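A.B. asks:
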Amino acid sequence: MDAIRKSLGMCPQHNIIFHHMTVAEHILFYSLLKGRPLPETQLNLQRFVRNDKWILSSYVGGMQRKLSVAMAFVGGAKVVFLDEPTSGVDPYSRCSIWDLLLKYRAGRTVILSTHHMDEADLLSDRVAIISQGHRYCCGSPLFLKNCLGDGFYLTLVQRIKEQPSHVRKEVRLLPSITKSI
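Here full-length UniProt numbering is used: the sequence shown runs in plain steps of one and ends on residue 181.
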């Protein structure tokens, strides 16, 4: 069981960080927690940290999230679970996290949950879409685009008092929908 635990990395949806520690201290702590020897831990520091002595309370949310994602890869994890790694971050931080994932995914299995199809498209070799707790479909991003197409569904709910013609007039303002009415 210890061997399995050492080969796993996890980034939960919410950051688990210590605000009184620096980025370097986090990387060191998580590497040693996984039982990695000190020389390997120092290599992890050089790979993930650029001469950082600031404590985390001075970092914005995007940088804290990037650290949480980086900690999932620390210690040579072969299987990495990422739960909504870019949720709640600004677009720049989101792209920065994507770069981190693309850089460190080689030689690993990365299981990523996301609500963003563009993110799944960019970062994934295979995508599974889950709807109402069941697997809806599975395949490469290109396969899913070909099967499902692109676009969206619009569901309208009307009250009994309202006239259907009134709803049709408003929907006709949306040019891509008028074909289906």
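Positions of the beta carbon are idealized from the N, C-alpha and C atoms, including for glycine. All values reported here derive from a predicted model rather than from experimental measurement.
Verify the contact flag: residue 83, CB atom, against every heavy atom of the ligand ATP, threshold strictly below 7 Å.
C.D. replies: The ligand ATP is absent from the structure shown, which contains no ligand whatsoever.
A.B. asks: Which complete alpha helix (DSSP H) runs does the UniProt domain "ABC transporter" (3-87) hold, if anything under 4 residues is left out?
C.D. replies: 23-33, 38-48 and 61-73
A.B. asks: Cα separation between residue 20 and residue 103?
C.D. replies: Translated into positions along the sequence shown, residue 20 becomes position 20. Translated into positions along the sequence shown, residue 103 becomes position 103. If I take the Cα positions, the gap works out to 28 Å.
A.B. asks: Distance, Cα to Cα, residue 22 vs residue 12?
C.D. replies: Here residue 22 refers to the residue found at position 22 of the sequence shown. Here residue 12 refers to the residue found at position 12 of the sequence shown. Computed Cα separation, rounded: 20 Å.
A.B. asks: Look at the alpha carbon of residue 89 and the alpha carbon of residue 142, and state the distance between them as a whole number of angstroms.
C.D. replies: The residue you call residue 89 lines up with position 89 of the sequence shown. The residue you call residue 142 lines up with position 142 of the sequence shown. Each residue's alpha carbon lies about 27 Å from the other.
A.B. asks: Would you kindly report the start and end of the unbroken beta strand (DSSP E) that includes residue 126?
C.D. replies: What you label residue 126 is simply residue 126 of the sequence shown in a count that begins at 1. Run containing residue 126: none; DSSP gives neither H nor E here.
A.B. asks: Would you call the CB atoms of residue 138 and residue 147 closer than 8 Å?
C.D. replies: The residue labelled residue 138 in the question sits at position 138 within the sequence shown. The residue labelled residue 147 in the question sits at position 147 within the sequence shown. No.
A.B. asks: Between which residues of its own chain and residue 34 is the CB-CB distance below 6 Å, once the five residues before and five after are set aside?
C.D. replies: Indexing the sequence shown from 1 puts residue 34 at position 34. 6 and 75, listed in sequence order.
A.B. asks: My guess is that residue 79 and residue 8 are in contact by the Cβ rule of under 8 Å, so how many angstroms apart are they, rounded?
C.D. replies: As a working note, residue 79 is residue 79 in the sequence shown. As a working note, residue 8 is residue 8 in the sequence shown. So it is a contact: roughly 5 Å between Cβ atoms.
A.B. asks: Nearest-angstrom Cα distance between residue 70 and residue 129?
C.D. replies: As a first step, residue 70 must be located in the sequence shown, where it is residue number 70. As a first step, residue 129 must be located in the sequence shown, where it is residue number 129. Looking at the two C-alpha atoms, the distance is approximately 25 Å.
A.B. asks: Please state whether DSSP places residue 108 in a helix, a strand or coil.
C.D. replies: Taking the sequence shown and counting its residues from 1, the one referred to as residue 108 is at position 108. Here residue 108 sits in coil by DSSP.
A.B. asks: With distance defined between alpha-carbon atoms, name the residue in 27, 42, 101 and 1 nearest to residue 198.
C.D. replies: Because the chain here runs from 1 to 181, residue 198 falls outside it and cannot be looked at.
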